[in-house]
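Chemist: Residue numbers for the sequence shown follow this note's numbering, so the first one is 3 and each next one is one higher.
Note that CB positions come from ideal geometry on N, CA and C, so glycine has one too.
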Amino acid sequence: MSTLLIRQATPFDHSSPVDCFISGGRIMQISESISEEADEEINARGLTLFPGAIDIHVHFRVPGGEYKEDFTTGSIAAASGGITTALHMPNTVPPITTAEQVEIFSLKARQDSVIDVRCYIGATTDNIAQILAAGDMACGIKVAPYFTGADGRRLIDDKDSLRELFELKQSLPIVIHCEQEDDITANELKYKDSSGWTLHGLIRSREATIKAVKNIIDLAQETQAAVHITHISTEEEVELIRVAKAAGCNLTCDVTPHHLAFTEADLETQGWRLKVNPPLRLESDRQALWRGLESGVIDIIATDHAPHTKAEKDLSDYWTVPPGVPGVETMLPFLLDHITPGFSLERMVECTSTNPAKRFGILNKGKLEAHAIADLVLVDRAKPRLFNAAAIRSKCGWSPWENHEFSSVIHTVIENGQIIRL
């Protein structure tokens, strides 16, 4: 059983350095000074110690899109951004909608990844039995009404099917991509001859998102299902979710770093590379999302890491450019640049580690304490780093944060007690 001793690291919520002794993949002791010897030691003086981040929304493109990303490149990129656990979405080729597919995915992820990668099962109109069979092999259930299964079945897009899913007596959280598809289809026809950087926001309108969120909240309140709304993007969503939570709804939500960092106006400089679903919104929305984080309305920060090649993202025709940006390797560096009295280190850790672990039942992760799994990140907060093209680890080879100088650098990443050699 290998042992590791981290010496004189400063925990994110302490002012004094501590030693941290790890054995068998677990934190065994945290104290001011540990005399015990270990197989390996890290001199962490001057470094800040965090629990590894848990990213509940990634697309490593396995299976079917490995030319954009794979388990090895995606997990290395994630570790580079301080992420030690990633939950993978099922909109793959073919989509993951059966218990057998979840099992196959999980085995390959364990073989090829340097971090802990788990998988959602996608919900269709008739795979309830498969969801129940998958059980805890899946990390959650994903509902995305724009998505078509390999056999042509629509994924759940009607209230009756949703109600059946919401009324299941199971423990997995149901993760919802909230955009009203019929509104989007109508807008595609309405704006089919239009152009300009505002086009994506007109087609996938804020109204389409708000309407979908209202419908999901109504159903969640009726059924008391454990529902998680992913990548919220508007001020109105923050308020709707705040009111629903205050009324006792079993509801959580997340926001992406790109919705916290960019607005629709940034498409003028970065072009369709910033085409994402849901679209980037207004500056007032961006500020409202930060306020939602500070107040506790927004529970989790998740990257929605969705890499596409530069050739795909640099196409000039809006209709052919795929939506999505890479985000895992800039997650913690970006957030550490935005620490304020309202968004403290403690609050950041809640949103990136503690709350994801609690909501998704990831036991013994997301915390710095004895007997927790030793998923840890050491950060040098006094060492600026230019994130240039040479630094990018994702297979897609680009980032919306390319050539940005971050104020912190990820120094060491430990997953299950083992140092990840990046």
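Starting from the N-terminal side, write out each stretch of the alpha helix (DSSP H) that is 4 residues or longer and does not extend beyond the segment 204 to 232.
Modeler: Complete alpha helix (DSSP H) runs here, min 4: 208 to 225.
Chemist: For a test of the three-state rule: what should DSSP assign to VAL415, helix, strand or coil?
Modeler: Taking the first residue of the sequence shown as 1, we reach residue 415 at position 413. Looking at VAL415 - three-state DSSP - the assignment turns out to be strand.
Chemist: Here's the rule: buried if 16 or more other CB atoms are within 10 angstroms of the residue's CB, otherwise exposed. What is TYR69?
Modeler: Your numbering for residue 69 matches position 67 in the sequence shown. The residue in question, TYR69, is exposed, as its Cβ has fewer than 16 Cβ neighbours within 10 Å.
Chemist: For the segment 77 to 89 against the segment 378 to 396, do three or more pairs of beta-carbon atoms, one drawn from each stretch, fall closer than 8 Å, so that the two count as touching?
Modeler: With the cut-off at 8 Å, the segment 77 to 89 and the segment 378 to 396 touch.
Chemist: Go through the segment 234 to 303 residue by residue and report every complete run of the beta strand (DSSP E) that reaches 3 residues or more, in order.
Modeler: The segment 234 to 303 contains these whole beta strand (DSSP E) runs: 253 to 257.
Chemist: Go through its chain and collect everything with a Cβ distance to ARG155's Cβ below 8 Å, but skip five positions before and after it.
Modeler: Residue 155 sits at position 153 when you count from the first residue of the sequence shown. Residue placement at ARG155 is poorly supported in this model, since its pLDDT is 44, which falls under 50; the coordinates are not used for a value here.
Chemist: Measure the C-alpha to C-alpha separation of GLY66 and SER409 and round it to an integer number of angstroms.
Modeler: Position 64 of the sequence shown, counting from 1, holds the residue named residue 66. Position 407 of the sequence shown, counting from 1, holds the residue named residue 409. Answer to the nearest angstrom: the Cα atoms are 36 Å apart.
Chemist: Tell me which residues share the same chain as GLN31 and place their Cβ nearer than 7 Å to its Cβ, disregarding the 5 neighbours each side in the sequence.
Modeler: Residue 31 sits at position 29 when you count from the first residue of the sequence shown. Hits under 7 Å: PHE23 and ALA372.
Chemist: Can you list, in chain order, the residues of its chain whose CB lies under 7 Å from that of SER33, leaving out five sequence neighbours each side?
Modeler: To locate residue 33, count along the sequence shown from 1; it is residue 31. Around SER33: VAL20 and ASP21.
Chemist: Name the one or two DSSP bridge partners that HIS307 has.
Modeler: Position 305 of the sequence shown, counted from the start, is the residue given in the question as residue 307. HIS307 is bridged to VAL60 and VAL327.
Chemist: Only counting the same chain, and skipping five residues up and downstream in sequence, which positions put a Cβ closer than 7 Å to that of ILE78?
Modeler: For the purposes of this step, residue 78 is taken as the residue at position 76 of the sequence shown. Around ILE78: VAL116, ARG395 and LEU424.
Chemist: Would you kindly work out how many angstroms separate the C-alpha atoms of TRP403 and GLY329, rounded to a whole number?
Modeler: As a first step, residue 403 is located in the sequence shown; it is residue number 401 there, counting from the start. As a first step, residue 329 is located in the sequence shown; it is residue number 327 there, counting from the start. Going from the Cα of TRP403 to the Cα of GLY329 covers about 9 Å.
Chemist: Is there contact here, the segment 92 to 108 with the segment 133 to 141, by at least three beta-carbon pairs under 8 Å?
Modeler: Short answer: they touch.
Chemist: Hey, out of ALA188, LYS213 and PHE73, whose CA is closest to ILE234's CA?
Modeler: Here residue 234 is taken as the residue at index 232 of the sequence shown, counted from 1. Cα-wise, what sits closest to ILE234 is LYS213.
Chemist: Check whether the segment 44 to 59 touches the segment 345 to 362, taking contact to mean three or more Cβ pairs, one atom from each stretch, closer than 8 Å.
Modeler: These segments touch.
Chemist: Can you give me the Cβ contacts of ASP153 inside the same chain, cut-off strictly under 6 Å, excluding the 5 residues immediately before and after it?
Modeler: Residue mapping note: residue 153 aligns to position 151 of the sequence shown, counting from 1. With a pLDDT of 44 at ASP153, under the threshold of 50, the predicted position of this residue should be treated as unreliable, though the coordinate-derived value follows. For ASP153, where only same-chain residues beyond five positions count, there are no Cβ hits under 6 Å.
Chemist: Between ASP114, ALA131, ALA88 and ALA136, which has its C-alpha nearest ALA104's C-alpha?
Modeler: In the sequence shown, residue 104 corresponds to position 102, counting from 1. According to the sequence shown, residue 104 is Val rather than Ala. Taking only the C-alpha atoms, the option nearest VAL104 is ALA136.
Chemist: Rounded to a whole number of angstroms, what is the C-alpha to C-alpha distance between THR12 and SER35?
Modeler: Within the sequence shown, residue 12 is the residue found at index 10, counting from 1. Within the sequence shown, residue 35 is the residue found at index 33, counting from 1. About 12 Å.
Chemist: Counting C-beta neighbours from all protein chains within 10 Å, is the total for LEU388 16 or more, i.e. buried, or is it exposed?
Modeler: Walking along the sequence shown from the start, residue 388 turns up at place 386. Burial call: exposed.
Chemist: How many whole angstroms separate the CB atoms of ALA290 and ASN252, which I take to be in contact at a CB cut-off of 8 Å?
Modeler: Residue mapping note: residue 290 aligns to position 288 of the sequence shown, counting from 1. Residue mapping note: residue 252 aligns to position 250 of the sequence shown, counting from 1. Not quite, the Cβ-Cβ distance comes to about 23 Å (not below 8 Å), so this is no contact.
Chemist: Rank THR200, ILE8, PRO175 and GLU224 by C-alpha distance to the C-alpha of THR265 and give the top, closest one.
Modeler: Position 263 of the sequence shown, counted from the first residue, corresponds to residue 265. Selected option, being the one with the closest Cα: THR200.
Chemist: Which residues share a DSSP beta bridge with PHE408?
Modeler: One-based indexing of the sequence shown puts residue 408 at position 406. Beta-bridge pairing links PHE408 to ARG387.
Chemist: Give a yes or no on whether the C-beta atoms belonging to LEU242 and PHE168 are separated by under 7 Å.
Modeler: Position 240 of the sequence shown, counting from 1, holds the residue named residue 242. Position 166 of the sequence shown, counting from 1, holds the residue named residue 168. It is not a contact, given that the beta carbons lie outside the stated cut-off.
Chemist: With contact counted as at least three CB pairs below 8 Å, one residue from each stretch, are the segment 271 to 291 and the segment 345 to 354 in contact?
Modeler: The segment 271 to 291 vs the segment 345 to 354: no contact.
Chemist: Roughly how many whole angstroms lie between the Cα atoms of GLU181 and ILE422?
Modeler: Along the sequence shown, read from residue 1 onward, the residue named residue 181 stands at position 179. Along the sequence shown, read from residue 1 onward, the residue named residue 422 stands at position 420. Computed Cα separation, rounded: 38 Å.
Chemist: Considering Cα atoms alone, identify which of ASP339, SER318 and ILE178 is closest to GLU270.
Modeler: Translated into the one-based positions of the sequence shown, residue 270 becomes position 268. The candidate whose alpha carbon is nearest that of GLU270 is SER318.
Chemist: Ends of the alpha helix (DSSP H) at LEU347?
Modeler: Walking along the sequence shown from the start, residue 347 turns up at place 345. Element bounds for LEU347: 347 to 351.
Chemist: How should ARG120 be labelled, buried or exposed, when 16 other C-beta atoms within 10 angstroms of its C-beta is the threshold for buried?
Modeler: Counting from one through the sequence shown, the residue named residue 120 turns up at place 118. So ARG120 ends up on the buried side.
Chemist: Smallest Cα separation from LEU262: which of ARG9, LEU338 and VAL245?
Modeler: For the purposes of this step, residue 262 is identified with residue 260 of the sequence shown, where counting begins at 1. It is LEU338 whose Cα lies nearest to the Cα of LEU262.
Chemist: In three-state DSSP terms, what is MET30?
Modeler: Looking up residue 30 in the sequence shown gives position 28. In the structure shown, MET30 sits in a strand (DSSP, three-state: E or B).
Chemist: Compute the distance between the beta-carbons of GLU331 and PRO324, then report whether it is under 7 Å.
Modeler: As a working note, residue 331 is residue 329 in the sequence shown. As a working note, residue 324 is residue 322 in the sequence shown. No, the pair does not count as a contact, with Cβ atoms beyond the cut-off.
Chemist: Name the two residues that bound the continuous beta strand (DSSP E) containing TRP45.
Modeler: Here residue 45 refers to the residue found at position 43 when the sequence shown is read from its first residue. Sequence inspection shows Asn at residue 45; the Trp mentioned does not correspond to that position. That run of the beta strand (DSSP E) goes 42 to 45.
Chemist: Within a Cβ cutoff of 8 Å, which residues of the same chain sit near GLY151, ignoring the five residues on either side of it in sequence?
Modeler: Numbered from 1 along the sequence shown, position 149 holds the residue referred to as residue 151. The predicted position of GLY151 is uncertain, since its pLDDT is 44 and thus under 50; no value can be drawn from it.
Chemist: Out of curiosity, what's the CA-to-CA distance linking ARG275 and SER37?
Modeler: Within the sequence shown, the letter at position 273 stands for residue 275. Within the sequence shown, the letter at position 35 stands for residue 37. Each residue's Cα considered, the two are about 52 Å apart.
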